[in-house]
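Below is one structure, written out as structure tokens, with a few remarks after it.
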Amino acid sequence: EAQVTQNPRYLITVTGKKLTVTCSQNMNHEYMSWYRQDPGLGLRQIYYSMNVEVTDKGDVPEGYKVSRKEKRNFPLILESPSPNQTSLYFCASSFGGSRGRYTFGSGTRLTVV
Amino acid sequence: AQSVAQPEDQVNVAEGNPLTVKCTYSVSGNPYLFWYVQYPNRGLQFLLKYITGDNLVKGSYGFEAEFNKSQTSFHLKKPSALVSDSALYFCAVRVSGNTPLVFGKGTRLSVIA
């Protein structure tokens, strides 16, 4: 089944403790992206990647890192999480070019205390 | 920069009645427009897209959307609403050149039996 897999689905952590949210897709998509969803703000893009070893900042990149060492994986790294990063995170992928539709993962609900 | 506006946070409609969820956009260039739906505790699911051609686009679950270039709108419609259509709906826009997909803030649709 074609899908985007995120792990974990739920995570509670403490301020300052580094964490990684994994994202993997099995559709050979070139384009991958991370979004955060907050009430009243919709989805805001954190980082995106057009292909392997190519990443770029989205609208809200502060406090996050990403890497794209292989085509299928696009992990999101929070080096020192803070409470304002408590949110629902989604990974998405698509074929390259602007016409491709995104396939989304099921989301990761992160709580930083 | 491209942007999307969904002017209604909430839309309420009676089951069996037609529904409309509004979306307007602002881009430089030709837009590629998308609608996604999010059910509780789920990721976003693709509904339909407009790339080029016929202004009326048909999608999943009986939904359709009309592209209106002069009004820069892409409203989502369904002739007869179902209770199961109750969800959060997102409009999104992209332009050519591998640009990111920009989302609106979402409209919560509530269909009442």
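Respectively, the protein sequence lines represent chains R and V.
The numbering used here numbers the first residue of the first sequence as 1 and each following residue consecutively.
The numbering used here numbers the first residue of the second sequence as 1001 and each following residue consecutively.
Built from N, CA and C at the ideal position, the CB exists for glycine as well.
Run of the beta strand (DSSP E) containing residue i, from where it starts to where it stops
i: R1108 (chain V); result: T1107 to I1112
i: Y64 (chain R); result: Here Y64 (chain R) belongs to no beta strand (DSSP E), and DSSP marks it neither H nor E.
i: D56 (chain R); result: V54 to K57
i: V1095 (chain V); result: First-last for V1095 (chain V): undefined, no H or E at that position.
i: S1060 (chain V); result: Where S1060 (chain V) is concerned, there is no enclosing beta strand (DSSP E), given that its DSSP letter is neither H nor E.
i: C23 (chain R); result: L19 to Q25
i: E1042 (chain V); result: Sequence check: residue 1042 (chain V) is Arg here, not Glu. No beta strand (DSSP E) holds R1042 (chain V); DSSP gives it neither H nor E.
i: T1024 (chain V); result: T1024 to S1026
i: Q157 (chain R); result: Outside the shown range of chain R (1 to 113) lies residue 157 (chain R), about which nothing can therefore be said.
i: F74 (chain R); result: Careful: F74 (chain R) lies outside any beta strand (DSSP E) and carries neither H nor E.
i: D38 (chain R); result: Y31 to D38
i: T111 (chain R); result: T108 to V112
i: I12 (chain R); result: Y10 to T13
i: R44 (chain R); result: G42 to N51
i: Y89 (chain R); result: S87 to S94
Counterpart residues of residue i in DSSP-defined beta bridges
i: N1068 (chain V); result: V:S1073
i: L1019 (chain V); result: V:K1078
i: L1047 (chain V); result: Bridge partners of L1047 (chain V): none, in fact.
Name the residues in the segment 1055-1081 of chain V whose C-beta lies less than 9 angstroms from a C-beta of chain R; which are they? Against chain R - using a Cβ distance shorter than 9 angstroms - the segment 1055-1081 of chain V contributes no residues.
Between the segment 1019-1028 of chain V and the segment 1037-1057 of chain V, are three or more C-beta pairs nearer than 8 angstroms? no
Below 9 angstroms between beta carbons is the criterion; list the residues of the segment 34-48 of chain R that meet it against any residue of chain V, in chain order. Y35, Q37, G40, L41, G42, L43, R44, Q45 and Y48
Cβ contact check for the segment 73-88 of chain R and the segment 1006-1021 of chain V: 3 or more pairs under 8 angstroms: The segment 73-88 of chain R vs the segment 1006-1021 of chain V: no contact.
Any C-beta of chain R within less than 7 angstroms: which residues of the segment 1025-1059 of chain V qualify? Y1032, F1034, R1042, G1043, L1044, F1046, K1049 and I1051
Could you tell me whether the segment 1073-1093 of chain V touches the segment 15-32 of chain R, using the rule of 3 or more Cβ pairs below 8 angstroms? no
Quick check: the segment 45-54 of chain R against the segment 1028-1035 of chain V, are at least 3 beta-carbon pairs closer than 8 angstroms? no
Where the segment 91-107 of chain R meets chain V: residues whose CB sits under 7 angstroms from a CB there: G96, G97, S98, R99, R101, Y102, F104, G105, S106 and G107
Beta carbons nearer than 9 angstroms to chain R: which residues of the segment 1094-1106 of chain V have them? R1094, V1095, S1096, G1097, N1098, T1099, P1100, L1101, V1102, F1103, G1104, K1105 and G1106
Return the residues of the segment 46-71 of chain R that lie within a Cβ-Cβ distance of less than 7 angstroms from chain V, sorted by chain order. Y48, M50 and G58
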